[in-house]
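**Student:** Take a look at the following structure, please.
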Amino acid sequence: MPEIVSLLPLVGIALLFWFLLIRPQSKRQRELATMQQALKTGDEVMLTSGIFGTLRETEEDHVRVEIADGVTIKVARGAIGSVANPGLEHLEPEEN
125 MPEIVSLLPL VGIALLFWFL LIRPQSKRQR ELATMQQALK TGDEVMLTSG
175 IFGTLRETEE DHVRVEIADG VTIKVARGAI GSVANPGLEH LEPEEN
C-alpha cells in the first residue's frame, strides 16, 4: 500500500501536465482543422507565412489565394492560419 501512495504525486503531475499542455493543444488543432474545412470563396485569410489575401478558388486539398490584383497563388489548406476579421463583413464603415 505505501508503494502505491508514493506514486500518487507522479500520477498527479502527469495529469496536471496533460490538462495544462496536451489537452489545450489538441483543442487548438481541432479548431484550426474545422476552420480550414469551412473556408469559402471570398474569405479574407492570413497564411501561416503572414501573407494576407482573398480566397478565389477552393478545392479539396488546396486553395487559390489572391494576394494582389491579378496575382493568385496556390497553397495547401494547411497553410491557412486564420480568417482575417471573421464576422466583420456585415459592418458598414462609419461616416464622420
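Read left to right, the sequence shown gives residues 125 to 220 (our numbering). Here a beta-carbon is modelled for each residue, glycine too, at the ideal position from N, C-alpha and C. Computed from a predicted structure; not experimentally measured.
Can you have a look at D167 and say buried or exposed, based on whether 16 or more other CB atoms are within 10 angstroms of its CB?
**Tutor:** With 16 or more Cβ atoms within 10 Å of its Cβ, D167 is classed as buried.
**Student:** Report the three-state DSSP secondary structure of A192 (helix, strand or coil).
**Tutor:** Here A192 sits in strand by DSSP.
**Student:** Between I197, H186, A162, which lies nearest to G177 when the distance is taken from Cα to Cα?
**Tutor:** The shortest Cα separation from G177 among I197, H186, A162 belongs to I197.
**Student:** Quick check: the Cα distance between L163 and Q149, rounded to an integer number of angstroms?
**Tutor:** Using only the alpha carbons, I get a separation of about 22 angstroms.
**Student:** Since A200 contacts H186 with CB under 8 angstroms, what's their CB separation in whole angstroms?
**Tutor:** About 5 angstroms; that satisfies the 8 angstroms criterion.
**Student:** Going by beta carbon distance, what residues of the same chain come within less than 7 angstroms of T172, once the five residues before and after it are set aside?
**Tutor:** Excluding residues within five positions, the ones whose Cβ falls inside 7 angstroms are A203, G205.
**Student:** Is it buried or exposed for V189, if we count other Cβ within 10 angstroms and need 16 for buried?
**Tutor:** Counting Cβ neighbours within 10 Å, V189 comes out buried, since at least 16 surround it.
**Student:** For T165 and E183, what's the separation of their Cα atoms in angstroms?
**Tutor:** Looking at the two C-alpha atoms, the distance is approximately 10 angstroms.
**Student:** Count the other CB atoms within 10 Å of the CB of V179; is the residue buried (16 or more) or exposed (fewer)?
**Tutor:** The identity of residue 179 in the sequence shown is Leu, whereas the question assumes Val. Counting Cβ neighbours within 10 Å, L179 comes out buried, since at least 16 surround it.
**Student:** Identify whether L100 lies in helix, strand or coil by the three-state DSSP scheme.
**Tutor:** Past the edges of the chain, shown from 125 to 220, lies residue 100, and the structure says nothing about it.
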